[in-house]
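In the working numbering, the protein residues as written are 101 to 220. Just so it is clear, CB atoms sit at the ideal spot from N, CA and C, and this is done for glycine as well. Step one of this worksheet: look at the structure below.
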Ligand SMILES: [Zn+2]
């Protein structure tokens with residue numbers, strides 16, 4: 101599943117297939133937030149990177165910049181949790197990222213906010 105940040109940006113941009121590819125923290129305190137750049141990119145159809153986004157073939161007509169204030173992001177998460185019944189901390193997955201290692205890969209631990217159920 102895509103992150104809630106990406107989901108919120110998609111909702112604002114409202115272009116099918118649009119996804120952010122860059123995230124930058126801007127400002128601080130009550131005016132702080134994340135500036136996202138994104139666009140519609142085709143998926144790689146063959147080779148070891150199959151299924152990943154092909155940023156070399158990005159559709160330049162769909163490139164947009166979206167700024168989401170942290171307070172708006174938290175409001176979006178609360179609403180999303182209400183609508184879906186899912187846990188915000190693990191975004192409904194029941195697990196959260198513990199570490200990443202280039203050989204061992206991604207390590208998850210059970211989410212302690214929802215007892216690994218993914219639900220609130
Ligand atoms: Zn959880």
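Quick one: measure Cβ to Cβ for residue 187 and residue 218, integer angstroms, because I've assumed they're closer than 8 Å.
Residue mapping note: residue 187 aligns to position 87 of the chain shown, counting from 1. Residue mapping note: residue 218 aligns to position 118 of the chain shown, counting from 1. A Cβ-Cβ distance of about 6 Å is found for the pair residue 187 and residue 218, placing them in contact under the 8 Å criterion.
Identify every run of the alpha helix (DSSP H) within the region 118 to 185, keeping only runs that are complete inside it and at least 4 residues long; order them along the chain.
Runs of alpha helix (DSSP H) with 4 or more residues, each lying fully within the region 118 to 185, are found at 170 to 184, listed in chain order.
Going by other Cβ atoms of all chains shown within 10 Å of its Cβ, with 16 needed for buried, is residue 118 buried or exposed?
Taking the first residue of the chain shown as 1, we reach residue 118 at position 18. Residue burial is scored here from C-beta neighbours: residue 118 has at least 16 other C-beta atoms within 10 angstroms and is therefore classed as buried.
Thinking just about the alpha-carbon of each residue, which of 208, 102, 116 and 103 is nearest to the one in residue 141?
Here residue 141 is taken as the residue at index 41 of the chain shown, counted from 1. When 208, 102, 116 and 103 are compared, the shortest CA-CA separation from residue 141 is found for 116.
Would you report the Cα separation of residue 158 and residue 197, rounded to the nearest angstrom?
As a position in the chain shown, residue 158 is number 58, starting the count at 1. As a position in the chain shown, residue 197 is number 97, starting the count at 1. Cα atoms of residue 158 and residue 197: separation of roughly 29 Å, rounded to the nearest angstrom.
By alpha-carbon positions, which one of 216, 193 and 160 ends up nearest to residue 102?
The residue labelled residue 102 in the question sits at position 2 within the chain shown. Among 216, 193 and 160, the Cα nearest to that of residue 102 is on 193.
Beta-carbon contacts of residue 121 that lie in its chain and below 6 Å, excluding the five residues immediately before and after:
Translated into positions along the chain shown, residue 121 becomes position 21. Around residue 121, the same chain offers 138 as residues with beta carbons nearer than 6 Å, after the five sequence neighbours per side are excluded.
Whole-Å CB distance - residue 167 paired with residue 209, under 8 Å assumed
Numbered from its first residue, the chain shown carries residue 167 at position 67. Numbered from its first residue, the chain shown carries residue 209 at position 109. Rounded to the nearest angstrom, the Cβ distance from residue 167 to residue 209 is 32 Å, too far for a contact under 8 Å.
Are the beta-carbon atoms of residue 220 and residue 211 separated by less than 8 Å?
Walking along the chain shown from the start, residue 220 turns up at place 120. Walking along the chain shown from the start, residue 211 turns up at place 111. Pairing residue 220 with residue 211 gives a Cβ-Cβ distance that is not under 8 Å.
Along the beta strand (DSSP E) that carries residue 113, what are the first and last residues, could you check?
Within the chain shown, residue 113 is the residue found at index 13, counting from 1. Note, residue 113: premise wrong, no beta strand (DSSP E); alpha helix (DSSP H) at 104 to 113.
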